[in-house]
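Peer 1: Before we start, here is the structure in question, set down as structure tokens.
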Amino acid sequence: MIWDPATVTVGEQIVSEGLADAFARQLYGDELGYARVGVPHLHDDAVFAKVVSGLEITGMQNFTAWVHGDETAARYGGTPVGLPTGAVYAVGNRLVDAYLAATGRTAAEALLVDRRDVIDTALT
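For the sequence shown, this note's numbering assigns the number 4 to the initial residue and increments by one for each residue that follows.
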């Protein structure tokens, strides 16, 4: 995936993080395959809904709170959006896992799938 920093979306970032974790789980199992920072929020429906509401946010300059959480955004002068640290990993895992379950694909087979297909399949 080639990203233009000005037009990349939060959704692309989140799907990429979810695929990275899914691929790690495929190779090393669940214990090592989840980004530790996201595990506390993996089943938090409020965090999931908040992140999903921002999937179309564009431009890496607008990503700090969405990708790294409010604490990091505030530290670097960004605007908080109501997200904890690690939310991107938790939501990325949920979206990608739902997509993989629905399609029967592996993480490796899904690497070139358009992020919109992953998101649309996961949310239906």
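We treat Cβ as the ideally placed atom computed from N, Cα and C, and that holds for glycine.
Whose C-beta lies closer than 6 angstroms to the C-beta of residue 25 among residues of the same chain, with five residues either side of it excluded?
Peer 2: One-based indexing of the sequence shown puts residue 25 at position 22. Answer for residue 25: 99, 110, listed in chain order.
Peer 1: Can you find at least 3 beta carbon pairs, one from the segment 40-50 and one from the segment 86-101, that sit closer than 8 angstroms?
Peer 2: yes
Peer 1: Evaluate contact between the segment 32-42 and the segment 109-127, counting only Cβ atoms and requiring at least three cross-stretch pairs below 8 angstroms.
Peer 2: no
Peer 1: Do you know how far the Cα of residue 70 is from the Cα of residue 62?
Peer 2: In the sequence shown, counting from the first residue as 1, residue 62 sits at position 59. In the sequence shown, counting from the first residue as 1, residue 70 sits at position 67. Rounded to whole angstroms, residue 62 to residue 70 spans 12 angstroms at the Cα level.
Peer 1: For residue 20, count neighbouring C-beta atoms within 10 Å of its own C-beta (all shown protein chains included) and say buried if the count is 16 or more, exposed if not.
Peer 2: The sequence position of residue 20 within the sequence shown is 17, counting from 1. It is buried - the Cβ of residue 20 has at least 16 other Cβ atoms within 10 Å.
Peer 1: With distances taken from CA atoms, which of 85, 127, 122 is nearest residue 22?
Peer 2: Position 19 of the sequence shown holds residue 22. Considering only alpha carbons, the answer is 122.
Peer 1: Among 87, 11, 125, 108, which has the Cα closest to the Cα of residue 53?
Peer 2: Along the sequence shown, one-based indexing puts residue 53 at 50. Comparing Cα positions, the closest option is 87.
Peer 1: Considering Cα atoms alone, identify which of 124, 81, 28 is closest to residue 101.
Peer 2: Within the sequence shown, the letter at position 98 stands for residue 101. Here the closest residue by C-alpha is 124.
Peer 1: Taking the alpha carbon of residue 12 as the point to measure from, which residue in 29, 65, 80, 106 has its own alpha carbon closest?
Peer 2: Within the sequence shown, the letter at position 9 stands for residue 12. Of 29, 65, 80, 106, the residue nearest in Cα terms is 65.
Peer 1: For residue 127, name the three-state secondary structure that DSSP assigns.
Peer 2: For the purposes of this step, residue 127 is taken as residue 124 along the sequence shown, with counting starting at 1. In the structure shown, residue 127 sits in coil (DSSP, three-state: anything other than H, G, I, E or B).
Peer 1: Would you give the residue range spanned by the alpha helix (DSSP H) that residue 16 belongs to?
Peer 2: What you label residue 16 is simply residue 13 of the sequence shown in a count that begins at 1. Segment 13-31, the alpha helix (DSSP H) holding residue 16.
Peer 1: Which two residues bound the contiguous alpha helix (DSSP H) that contains residue 99?
Peer 2: Reading the sequence shown from its first residue, position 96 is the one you call residue 99. Start and end: 90-106.
Peer 1: Have a look at residue 105 and residue 83 and give me their C-alpha separation to the nearest angstrom.
Peer 2: Looking up residue 105 in the sequence shown gives position 102. Looking up residue 83 in the sequence shown gives position 80. Looking at the two C-alpha atoms, the distance is approximately 33 angstroms.
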